[in-house]
Structure formats: C-alpha cells, structure tokens
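In terms of the working numbering, the sequence shown is residues 2 to 231.
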Amino acid sequence: MFDSVFLKIFVELTAGFVGLIISVQIIGKRLVSQITPFDFISAIVLGELVGNAIYDPTTEFYHVLFAISVWTALIYFIEKVTQKFYQSRRIIEGHPTLIVNKGIIDFQALSKEGLDFSEFLSMLREKDVLSLKHVEYAILETSGNVTVIKKAKYNQPTLDDLNIETSNPSLNLPVILDGDIVNNNLGILGYDEGWLKQKLKQAKVTNIKDVLYAEYNDDEGLFVQRRQAN
Numbered sequence: 002m003f004d005s006v007f008l009k010i011f012v013e014l015t016a017g018f019v020g021l022i023i024s025v026q027i028i029g030k031r032l033v034s035q036i037t038p039f040d041f042i043s044a045i046v047l048g049e050l051v052g053n054a055i056y057d058p059t060t061e062f063y064h065v066l067f068a069i070s071v072w073t074a075l076i077y078f079i080e081k082v083t084q085k086f087y088q089s090r091r092i093i094e095g096h097p098t099l100i101v102n103k104g105i106i107d108f109q110a111l112s113k114e115g116l117d118f119s120e121f122l123s124m125l126r127e128k129d130v131l132s133l134k135h136v137e138y139a140i141l142e143t144s145g146n147v148t149v150i151k152k153a154k155y156n157q158p159t160l161d162d163l164n165i166e167t168s169n170p171s172l173n174l175p176v177i178l179d180g181d182i183v184n185n186n187l188g189i190l191g192y193d194e195g196w197l198k199q200k201l202k203q204a205k206v207t208n209i210k211d212v213l214y215a216e217y218n219d220d221e222g223l224f225v226q227r228r229q230a231n
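Below is the structure:
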C-alpha cells in the first residue's frame, strides 16, 4: 500500500514538474524575470494546482496535466490579448506610476502604491542613486522595479573620466521622513534635534510637519522638500 502511495506521488510530481516546465516555455520567461502582480497570481495558482493534487488520493496524474494545460492556455490567451490591446494590459497588470516628477515627490502616488519613504529610498539606492536631489524622474514599473532619470547636472562625465583627483563622498542620510525626525540618522551624523531645527530655520522652515523629506550630508548640507499645498 505504501509503495503504491509513494509511486503515485512520484508520478504526479514528475508529471507536474514536466507540465510546469512546458507551461513556462509557452508563457515565456517574463514570469520569472519581470514579474507583475498578474504573473505572481499565475505562479501561485500553478503551484497550488500541483501541490493540492499530489495529496488528493482521488486525483490522477493526467488530472494534474489537464489542470496545468487549461491554466496555461488561459494565461497564453490573456498574454496575446494584452499584447494586442494596450488597454487590456492596463486593466489586468496596471500601469507605471510616476513617483518623482521634475524633482518633486508625488506623495499621493507613493501612498497609493503602498510604499513608504524608507522603501522608496532603498529602491533608489539599488539603482545607485544615493540622494533624492539627484532624481528628476522616478517611475514605479508594473514589475515593481523603479526606473530613475537623473537630473542633467548629475549625468555629466565623472571626475574620474576627466582624470581629476577626488575625495570620497559623504553619506546621505534622511533626517526627516513625512514630517517626522529620524533621530537614529541624526545620531549617526553626530547631530541632535536642536541642530536640525536651527538648520530648518535657516531654510525658512518653521514647522517640521511642513517637511515631506529632508536629507543631509557634510559636503552639500541640508536638502529639504516641502509638502505640496493641497
């Protein structure tokens, strides 16, 4: 009895494995590269179809293959439709969101996409953008990646290209996020709230809650972006 159970699981696993490989080849490599929310759902459903079938004693291996085949056919059909009709892709997969426009963060767009400042700054750092003030445009793609276009003055040839000696850059750290002081970063920089308030006063900022974002480094000083008036 146990041998037959193990054999059944082995056959169904093998059938599911082969079926998934064929499915990925048909649907395309985008499922495992630039994954979108729709692709994510598809991957979960395919996994559930195979996983649940293995432990269902009434399910045979050809049932697994049939379920994978039907789901793959549906995904393939939808992919072809979305390739041909742009509006259908917008409905199913969403559309890119402009997070930074001409150097200004769109706070509502950031909130709508469920991102906080820390996550967004981390995504910028992954693109080798260490300061928000270097960003002219930032677009959140449907895959979840961020496309960054830097301001023109930061896209010039590097000093190394021009054979000019340079010193190591200072660390950019956010000191205010959405109206709240980031005390941990202030401590890393070696400053306190009194120092920050003095710097804000010099920048003609009287209320910290009016600041959407502020960062500091020793080379360029304090960068402040105020909230946009509603």
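C-beta: ideal position from N, C-alpha, C; glycine also.
query: Can at least three beta-carbon pairs, one atom from the segment 100 to 116 and one from the segment 130 to 142, be found at a separation below 8 Å?
result: yes
task: Would you give the residue range spanned by the beta strand (DSSP E) that Arg126 belongs to?
output: No beta strand (DSSP E) contains Arg126, which is instead part of the alpha helix (DSSP H) from 118 to 127.
message: Quick check on the DSSP output: the alpha helix (DSSP H) that includes Lys198 runs from which residue to which?
response: 194 to 203
field: Between the CA atoms of Ile100 and Thr148 - distance to the nearest angstrom
entry: 10 Å
- prompt: DSSP puts Leu178 in a beta bridge; with which residues?
  reply: Asp181, Tyr214
message: With H, G and I counted as helix, E and B as strand and the rest as coil, what does DSSP make of Glu137?
response: strand
task: For Ser34, collect the residues of the same chain with a Cβ closer than 6 Å to its Cβ; drop the 5 residues on either side in sequence, then sort them by chain order.
output: Reliability fails at Ser34, whose pLDDT of 43 lies under 50, so the model's placement of it is uncertain and the value that follows must be treated cautiously. There are no such residues.
- request: Look at Asn173 and Ser119 and say whether their C-beta atoms are less than 7 Å apart.
  value: no
message: Taking the alpha-carbon of Ile76 as reference, which of Glu216, Asn102, Ile45, Glu221 has the nearest alpha-carbon?
response: Ile45
message: If you measure between the beta carbons of Gln226 and Tyr214, is that distance less than 7 Å?
response: yes
- prompt: Got a sec, what are the start and stop residues for the alpha helix (DSSP H) Gln109 sits in?
  reply: 108 to 113
task: Within 10 angstroms of the Cβ of Glu127, are there 16 or more other Cβ atoms? Answer buried if so, exposed if not.
output: exposed
field: Other residues of its chain near Val106: CB distance less than 7 Å, five sequence neighbours each side excluded
entry: The identity of residue 106 in the sequence shown is Ile, whereas the question assumes Val. Closer than 7 Å at Cβ, skipping near neighbours: Ile100, Leu213, Tyr214, Gln226.
- request: Using only alpha-carbon positions, find the residue among Tyr192, Ala68, Pro175 that is nearest to Leu122.
  value: Pro175
query: Is Met73 helix, strand or coil by DSSP?
result: According to the sequence as given, residue 73 is Thr; it is not Met. Residue state, collapsed to three classes: helix.
query: Which of the three DSSP states, helix, strand or coil, is assigned to Asn186?
result: helix
task: Assign Glu216 to buried or exposed, taking buried as 16 or more other Cβ atoms, counted over all protein chains shown, within 10 Å of its Cβ.
output: buried
message: Does Val71 pass the burial test, meaning 16 or more other C-beta atoms within 10 Å, or should it be called exposed?
response: exposed
task: Have a look at Thr73, Ile209, Asn102 and flag the residue whose alpha-carbon is nearest the alpha-carbon of Ile150.
output: Asn102
task: Using beta-carbon positions only, say whether Lys134 and Phe224 come within less than 7 Å of one another.
output: yes
message: By the three-class DSSP mapping on this structure, what secondary structure does Val147 have?
response: strand
Span separating the alpha-carbon of Gly191 from that of Phe78: 58 Å
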